[in-house]
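Visitor: In full-length UniProt numbering, the protein residues as written are 1 to 111.
Please read through the structure below; I'll follow up with questions.
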Amino acid sequence: MAYVVTEACIKCKYMDCVEVCPVDCFYEGENMVVINPSECIDCGVCEPECPAEAILPDTEGGLDKWMELNATLSATWPNITMKGATPEDADSHKGEEGKFDKYFSDKPGDA
Ligand code: SF4
Ligand code: SF4
């Protein structure tokens, strides 16, 4: 079992999650982060830190797409362990619907 970053993270990137992870298993994309499921120790510490409620346990139903994306993207994106600068428009995208179709990017971040 592991925790999974989902659609709500897109364009938010507050990154409160990455600083609390004891095993540094977050990876940064252009406009979101993902968790490497084989490194995650399932401690759950990051889940309540995310103001966008984007982090969920993979035991929740309906997360197949996001489990796959976290696994594949974390293999190519750079590791991120410290909170970076939050984008100026992050708050305006919080809770927005349909962010995957509108904004998803598989490009790596600049961590
Ligand atoms: S705190 Fe939540 S929204 Fe922000 S980067 Fe982490 S998972 Fe994404
Ligand atoms: S559940 Fe724990 S180990 Fe897994 S990503 Fe969150 S803080 Fe890191």
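No residue lacks a Cβ here, since even glycine has one placed at the ideal position from N, Cα and C.
Since the structure is predicted, the reported quantities are computational estimates derived from the model, not experimental observations.
With DSSP collapsed to three states, give me the class of F104.
Guide: coil
Visitor: Indicate the three-state DSSP secondary structure (helix, strand or coil) for P57 in the structure shown.
Guide: Look at P57 here: in three-state DSSP terms it is strand.
Visitor: Might you give, ordered along the chain, the residues of its own chain that have their beta carbon closer than 8 Å to the beta carbon of K11, omitting 5 neighbours on each side?
Guide: N31, M32, P87, D89, A90, H93, E96, K99 and Y103
Visitor: Taking the alpha-carbon of P57 as reference, which of E28, V20, P51 and C40 has the nearest alpha-carbon?
Guide: C40
Visitor: Could you tell me which residues DSSP puts in a beta bridge with residue 112?
Guide: Outside the displayed span of the chain (1 to 111) sits residue 112, for which this structure offers no information.
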